[in-house]
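Peer 1: This is the structure I have questions about; it appears just below.
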Amino acid sequence: MTPGLMQDGAQRMAHAHHRRSSATVSGDRRPGIGRLHVPGEIDVTHGRILYLEDVHVSFDGFKAINGLSLDIAPGELRCIIGPNGAGKTTMMDIITGKTRPDRGRVFLGSTIDLLRYREADIATMGIGRKFQKPTVFEHLSVFENLELALAANKSVRSSLLFRLTPLQRERLAEVLITIQLGTHAKDLAGTLSHGQKQWLEIGMLLMQEPRLLLLDEPVAGMTDEETERTAELFLSLKGKHSLVVVEHDMNFIRAIADTVTVLCDGAVLAEGTLDHVQADQRVIDVYLGR
Ligand code: ADP
Ligand code: MG
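Per this note's numbering, the very first residue in the sequence shown carries number 631; after that it's consecutive.
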């Protein structure tokens with residue numbers, strides 16, 4: 631796939647209203663940020679794909695993120711838990727460039743300083759973000775939704791005339807199976823269950839071949855069975871991709887957890903295996919024991 635396709639597709643899914651090509655958009659109001667060459671390779675030779683150090687963000691004096699540090703390894707599936715208002719979504723906003731921290735360091739791999747880039751540029755760098763609500767195109771088929779994830783570099787009209795290369799067709803078929811919608815390829819997305827729509831949206835992200843996936847409360851509103859199948863899906867993705875998963879559903883967390891990070895008041899309260907953080911009295915006090 632060309633970087634151009636990857637760039638615009640990821641951007642479109644994060645911000646459907648954004649129509650402009652990302653790398654050359656001017657008019658950013660941040661000081662010192664102009665047109666930058668978007669780096670292609672993420673350097674993980676130092677064993678990390680994402681690195682946050684002592685990040686701070688205030689909203690009107692309220693410290694939403696207050697000294698947050700985080701280290702994600704390539705292929706890792708990291709779970710993030712914590713009470714409402716802990717700063718979990720804001721953390722994702724910072725990684726994706728939607729919110730600019732007051733201070734701190736945010737790196738993709740060991741060489742890409744994400745704070746130097748705008749949101750639209752970051753969307754081209756192999757970071758896929760899944761928001762809580764599914765935003766699939768309901769009037770298009772499952773297949774067409776996945777196709778559009780590749781074709782989004784063009785206007786919607788020409789996208790519908792977009793022809794997949796054999797390699798892209800193969801990838802699409804693979805993704806259909808991964809997201810367990812193989813038998814629904816021709817169904818309109820609007821006819822899918824809530825859980826299936828969530829999988830389709832994850833599939834649309836996967837079409838971009840992201841290195842890092844950020845997933846905010848992915849099983850909210852799912853049935854128990856859908857939740858179990860989502861756990862299987864995420865387990866099948868880890869290794870190939872790095873995943874950062876924010877979720878409240880502890881059964882789901884238990885099913886997928888390696889390392890769990892507990893966020894509270896904008897910083898890491900505890901980190902380790904699920905057993906380790908569950909036994910931490912501070913975690914019980916602020917979150918688990920509610
Ligand atoms: P979580 O996802 O862990 O529930 P959030 O990151 O959404 O928490 O929010 C953390 C805190 O920051 C909350 O108190 C929230 O109200 C506040 N907050 C988040 N975004 C903004 C914003 N754009 N403006 C003002 N306050 C915000
Ligand atoms: Mg949130």
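Beta carbons are placed, not taken as given, at the ideal position from N, Cα and C, and that holds for glycine.
If you compare alpha carbons, which of 803, 704, 723 is closest to residue 680?
Peer 2: Nearest of 803, 704, 723 to residue 680, Cα basis: 704.
Peer 1: If you measure from the CB of residue 889, is any heavy atom of ligand 2 nearer than 7 Å?
Peer 2: Result no, Cβ not under 7 Å from ligand 2.
Peer 1: Return yes when at least one heavy atom of ligand 1 lies under 7 Å from the C-beta of residue 767, else no.
Peer 2: No, since every heavy atom of ligand 1 falls outside the 7 Å radius drawn around the Cβ of residue 767.
Peer 1: Is any non-hydrogen atom of ligand 2 found closer than 7 Å to the C-beta of residue 719, if you look at the structure I gave you?
Peer 2: Yes.
Peer 1: Closest to residue 851 by CA distance: which of 873, 862, 823, 884 is it?
Peer 2: Closest by alpha carbon: 823.
Peer 1: Please confirm whether any heavy atom of ligand 2 lies closer than 7 Å to the CB of residue 817.
Peer 2: Incorrect: residue 817 has no Cβ contact closer than 7 Å to ligand 2.
Peer 1: Count the other C-beta atoms from every protein chain shown that fall within 10 angstroms of the C-beta of residue 751, then say buried if there are 16 or more, exposed otherwise.
Peer 2: Flag for residue 751 reads buried.
Peer 1: Report the CB separation of residue 726 from residue 843 in whole angstroms; it is logged as a contact under 8 Å.
Peer 2: Residue 726 to residue 843, Cβ: 12 Å. No contact.
Peer 1: On the criterion of 16 or more Cβ atoms from any shown chain inside 10 Å, does residue 872 qualify as buried, or is it exposed?
Peer 2: Residue 872 comes out buried.
Peer 1: Given this structure, state the Cα-to-Cα distance separating residue 861 from residue 801, to the nearest angstrom.
Peer 2: Spanning the two alpha carbons is a distance of roughly 22 Å.
Peer 1: Excluding the five sequence neighbours on either side, which residues of its own chain have a C-beta within less than 8 Å of the C-beta of residue 808, listed in chain order?
Peer 2: Around residue 808: 833, 836, 863, 866, 867.
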